């Protein structure tokens with residue numbers, strides 16, 4: 088399977104197998120402006136796939152990142168879109184605060200100094216349902232265990 092620019096250009100798609108025979112689709116797309124690929128598998132196999140990718144990428148320093156971090160990367164490359172311009176997330180909140188210059192103006196610098204967003208009190212975190220078969224629907228509310 089060749090992944091050179093000529094053999095697999097931007098926006099290419101191919102079918103392949105991963106994780107000992109699981110059928111998947113590979114896309115060469117980028118939401119961050121960097122060379123990137125996306126592997127699509129049925130949702131029920133997503134966790135197993137990411138676990139295997141992290142295992143295989145450990146020696147390379149592979150690190151997962153979430154959609155908020157992806158939004159910051161996109162903005163840094165100048166690929167701003169609606170969700171990243173909502174005023175609710177800063178580089179500090181997604182662990183990229185050191186990338187915002189304190190000496191010169193940059194994308195995100197003004198927002199990083201906004202009252203209520205400055206400092207490290209707020210953090211974005213990833214959550215999984217206790218029941219692996221459960222679903223977390225966008226807009227769901229989070230309650231402490233035993234709360235009414």
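Residue numbers (this note's numbering): 88 to 235.
Quick reminder that beta carbons are idealized off the backbone N, C-alpha and C, glycines included.
Model, not experiment: these values are computed from the prediction.
Sub-8 Å separation of residue i and residue j beta-carbons
| i | j | result |
| --- | --- | --- |
| residue 100 | residue 136 | no |
| residue 127 | residue 116 | no |
| residue 178 | residue 159 | yes |
| residue 157 | residue 118 | yes |
| residue 141 | residue 130 | no |
| residue 196 | residue 188 | yes |
8 Å CB neighbourhood of residue i in its chain, flanking five on each side removed
| i | result |
| --- | --- |
| residue 214 | 223, 229 |
| residue 30 | In this structure the chain extends from 88 to 235, so residue 30 is not present and cannot be described. |
| residue 132 | 106, 109 |
| residue 151 | 137, 141 |
Residue i in three-state terms, based on DSSP
| i | result |
| --- | --- |
| residue 137 | helix |
| residue 161 | helix |
| residue 109 | strand |
| residue 154 | helix |
| residue 102 | strand |
| residue 90 | coil |
Assigned exposure category for residue i - 16 Cβ within 10 Å defines buried
| i | result |
| --- | --- |
| residue 121 | exposed |
| residue 155 | buried |
Opposing strand residues paired with residue i [DSSP bridges]
| i | result |
| --- | --- |
| residue 128 | Paired residue(s): none; residue 128 is not in a bridge. |
Residues near residue i in its chain [Cβ-Cβ closer than 7 Å; skip 5 each side]
| i | result |
| --- | --- |
| residue 98 | 115, 116 |
| residue 110 | 102, 104 |
Other residues of its chain near residue i: CB distance less than 6 Å, five sequence neighbours each side excluded
| i | result |
| --- | --- |
| residue 183 | 159 |
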